[in-house]
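In the numbering used here, each residue's number is its place in the sequence shown (first place is 1) plus 1.
To keep things clear, I will list the structure first and then write my remarks on it.
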Amino acid sequence: MSDLLRAPAEIKYAEELDWLESIDDNPKPFSWRLSPKMVRLFILGSERSDGLDRDIAQKWYGDRSFVERSIVTLASDRGLLLIGDPGTGKSWLAELLSAAISRNSTLVVQGTAGTTEDHIKYSWNVSMVIAKGQSRESMIPSPIMTAMETGAIGRFEELTRSTSDVQDALISILSEKYISVPELDSDSIVFAKPGFSVIATANSRDRGVNDLSSALKRRFNFVRIPVVTNKKSETEIVRFRTEELLRRHQIDLDVPPTLLDVLLQSFADLRATAAAAGSDDEKLESALSTAEQIGVLEDAILHSNFFGERALTAHTLASSLVGSLARREPEDLAILNKYLHGVVEPRSKAEGGSWPEFLEGGRDAIATLS
Numbered sequence: 002m003s004d005l006l007r008a009p010a011e012i013k014y015a016e017e018l019d020w021l022e023s024i025d026d027n028p029k030p031f032s033w034r035l036s037p038k039m040v041r042l043f044i045l046g047s048e049r050s051d052g053l054d055r056d057i058a059q060k061w062y063g064d065r066s067f068v069e070r071s072i073v074t075l076a077s078d079r080g081l082l083l084i085g086d087p088g089t090g091k092s093w094l095a096e097l098l099s100a101a102i103s104r105n106s107t108l109v110v111q112g113t114a115g116t117t118e119d120h121i122k123y124s125w126n127v128s129m130v131i132a133k134g135q136s137r138e139s140m141i142p143s144p145i146m147t148a149m150e151t152g153a154i155g156r157f158e159e160l161t162r163s164t165s166d167v168q169d170a171l172i173s174i175l176s177e178k179y180i181s182v183p184e185l186d187s188d189s190i191v192f193a194k195p196g197f198s199v200i201a202t203a204n205s206r207d208r209g210v211n212d213l214s215s216a217l218k219r220r221f222n223f224v225r226i227p228v229v230t231n232k233k234s235e236t237e238i239v240r241f242r243t244e245e246l247l248r249r250h251q252i253d254l255d256v257p258p259t260l261l262d263v264l265l266q267s268f269a270d271l272r273a274t275a276a277a278a279g280s281d282d283e284k285l286e287s288a289l290s291t292a293e294q295i296g297v298l299e300d301a302i303l304h305s306n307f308f309g310e311r312a313l314t315a316h317t318l319a320s321s322l323v324g325s326l327a328r329r330e331p332e333d334l335a336i337l338n339k340y341l342h343g344v345v346e347p348r349s350k351a352e353g354g355s356w357p358e359f360l361e362g363g364r365d366a367i368a369t370l371s
């Protein structure tokens, strides 16, 4: 695993999954590797009341009911559609569910404007077709078809980014549970095995790009993942991801709790500003999600490690925040400058601490970008 840039969840947590499977005596739907109870435990972590011989770390932070509804949906014959703003952990939850249920989270189709029906059904190995003709051996199954054949979970990322004809092709797969291959004279139907299901994700900000038809909506159970605004939960997520980052890069750098509080408070302030804005021009283009907080902190940590004094400072954190969130010029820079002048400056005078240095770092970054 050490030679992989990013190991999928089933590899990263293989030892943990093996152990859970070895002690799991609960009923399992279809060909699931873990029971629904153990899938939930793997994702949300263990508690003392579970009575396990070892602790299972929490990997996804959010309402327990979202995870339970997702698991129940996948145990039925309906697909699961995770909807939310960018950076709310939809894809990570889909990966964890697939890893726990199928031990394979890599059967993924990425939805884009260029995604075609072939990407969710099958294509052909042209050289084999020329040499031997069309056959099952010369057919290249899509990740969704592979999931059908193996009774596993297939994933479809950014469903609303794909065109209507691709979405229509998915309807027949979800309803009929087979794919017809008319090019073949025999063995021309691929049937789904028990355990097959589809987890799709969609960004709520993509509404209107390629809206889902009512027929496709009926094939999915919807689980809406909100932006995390609870400070305690958000702190846990950011700390969890930061520790992973430090381990992956083998960085020995301290992240002071006071700077983490500054980061969380800054995002809370900017979200409140966005909520009170009268138009989109008065809002940052950023979704201000937890994932973007993690990105800001990651940028600050790496900059401090490679170019700073190997210690995270409020000045570097502010510079990373401005650099990460200022995507439109001059609109976003004006919003951030107004935030520094109207919120951070009074707070730095009233509270002191890391805020004066944070204010200075933000102003320097804006001056550099202006």
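All residues carry an ideal CB built from backbone N, CA and C; glycine is no exception.
All figures in this text were calculated on a predicted structure; none of them were measured in a lab.
Euclidean distance between Cα positions of GLU332 and ALA278: Here residue 332 refers to the residue found at position 331 when the sequence shown is read from its first residue. Here residue 278 refers to the residue found at position 277 when the sequence shown is read from its first residue. Using only the alpha carbons, I get a separation of about 13 angstroms.
DSSP three-state assignment for VAL224, whether helix, strand or coil: Residue mapping note: residue 224 aligns to position 223 of the sequence shown, counting from 1. DSSP places VAL224 in strand when its eight states are reduced to three.
Assumed close pair SER32, GLY152 - CB separation to whole angstroms, cut-off 8 angstroms: In the sequence shown, the residue the question calls residue 32 occupies position 31. In the sequence shown, the residue the question calls residue 152 occupies position 151. The pair is a contact, with the Cβ atoms about 4 angstroms apart (cut-off 8 angstroms).
ASN27 versus ALA201: straight-line alpha-carbon distance, rounded: Here residue 27 refers to the residue found at position 26 when the sequence shown is read from its first residue. Here residue 201 refers to the residue found at position 200 when the sequence shown is read from its first residue. For ASN27 and ALA201, the distance between alpha carbons rounds to 27 angstroms.
Opening and closing residue of the beta strand (DSSP E) in which GLY155 lies: Sequence index remark: in the sequence shown, residue 155 carries index 154 (1-based). Here the beta strand (DSSP E) through GLY155 covers 154-158.
Cβ distance (whole Å) where ILE57 is taken to contact LYS122 below 8 angstroms: In the sequence shown, counting from the first residue as 1, residue 57 sits at position 56. In the sequence shown, counting from the first residue as 1, residue 122 sits at position 121. The C-beta distance from ILE57 to LYS122 rounds to 38 angstroms, too long to fall under 8 angstroms, and the pair is not in contact.
Close Cβ partners of SER320 (< 6 angstroms) along its chain, the five nearest in sequence each way excluded: Numbered from its first residue, the sequence shown carries residue 320 at position 319. Contacts found: GLY362, ALA366.
Opposing strand residues paired with PRO142 [DSSP bridges]: Mapped onto the sequence shown, residue 142 falls at position 141. Per DSSP, the beta-bridge partners of PRO142 are TYR123.
SER198 vs GLY80 beta-carbon contact at 8 angstroms: Within the sequence shown, numbered from 1, the residue matching residue 198 stands at position 197. Within the sequence shown, numbered from 1, the residue matching residue 80 stands at position 79. Yes, they are a contact pair.
Reference PHE223; option with closest CA among GLY46, THR74, GLU293: Here residue 223 corresponds to residue number 222 of the sequence shown, with the count starting at 1. Looking at the Cα atoms, THR74 is the closest of the given residues.
Collapsed DSSP secondary structure at PHE359 in the structure displayed: For the purposes of this step, residue 359 is taken as residue 358 along the sequence shown, with counting starting at 1. Looking at PHE359 - three-state DSSP - the assignment turns out to be helix.
Cα-Cα separation, LEU18 to HIS250: Numbered from its first residue, the sequence shown carries residue 18 at position 17. Numbered from its first residue, the sequence shown carries residue 250 at position 249. Spanning the alpha carbons of LEU18 and HIS250 requires a straight line of approximately 25 angstroms.
Whole-angstrom distance between ALA269 and PHE221, CA atom to CA atom: Residue mapping note: residue 221 aligns to position 220 of the sequence shown, counting from 1. Residue mapping note: residue 269 aligns to position 268 of the sequence shown, counting from 1. The alpha-carbon atoms of PHE221 and ALA269 are separated by roughly 33 angstroms.
Three-state secondary structure (DSSP) of THR202: Walking along the sequence shown from the start, residue 202 turns up at place 201. Residue state, collapsed to three classes: strand.
From ASP188, LEU289, LEU313, LEU82, residue whose alpha carbon lies closest to that of ASP300: By 1-based counting over the sequence shown, the position of residue 300 is 299. Of the candidates ASP188, LEU289, LEU313, LEU82, the residue whose Cα lies closest to the Cα of ASP300 is LEU313.
Nearest to THR161 (by Cα), restricted to the options SER77, ALA203, VAL344, THR236: Position 160 of the sequence shown, counting from 1, holds the residue named residue 161. Checking every option, the nearest Cα to that of THR161 belongs to ALA203.
C-alpha gap between ILE12 and LEU5, whole angstroms: Against the sequence shown, residue 12 aligns to sequence position 11. Against the sequence shown, residue 5 aligns to sequence position 4. Between ILE12 and LEU5, the C-alpha separation is close to 10 angstroms.
Own chain, CB closer than 7 angstroms to THR147, minus 5 neighbours either side, in chain order: What you label residue 147 is simply residue 146 of the sequence shown in a count that begins at 1. Cβ within range, chain order: LEU108.
Rounded straight-line distance, which links the Cα of ASP281 to that of MET2: Residue 2 sits at position 1 when you count from the first residue of the sequence shown. Residue 281 sits at position 280 when you count from the first residue of the sequence shown. Caution applies to MET2, whose pLDDT of 49 falls short of 50 and renders its modelled position unreliable; the value that the coordinates give is listed next. Computed Cα separation, rounded: 44 angstroms.
Outcome for ASN231 when other beta-carbon atoms lying within 10 angstroms are tallied against a minimum of 16: Along the sequence shown, read from residue 1 onward, the residue named residue 231 stands at position 230. Classification of ASN231: exposed, given that the 10 Å Cβ count is below 16.
Assigned secondary structure, ILE57 (DSSP; H/G/I helix, E/B strand, else coil): Residue numbering aside, residue 57 sits at position 56 when the sequence shown is read from its first letter. ILE57: coil per DSSP, three-state reduction.
Exposed unless 16 or more other CB atoms sit within 10 angstroms - verdict on ILE226: Translated into the one-based positions of the sequence shown, residue 226 becomes position 225. ILE226 should be labelled buried.
Contacting residues, own chain, Cβ-Cβ under 8 angstroms from TRP20 (five flanking each side not counted): For the purposes of this step, residue 20 is identified with residue 19 of the sequence shown, where counting begins at 1. Once the five neighbours on either side are set aside, the close Cβ partners of TRP20 are ARG55.
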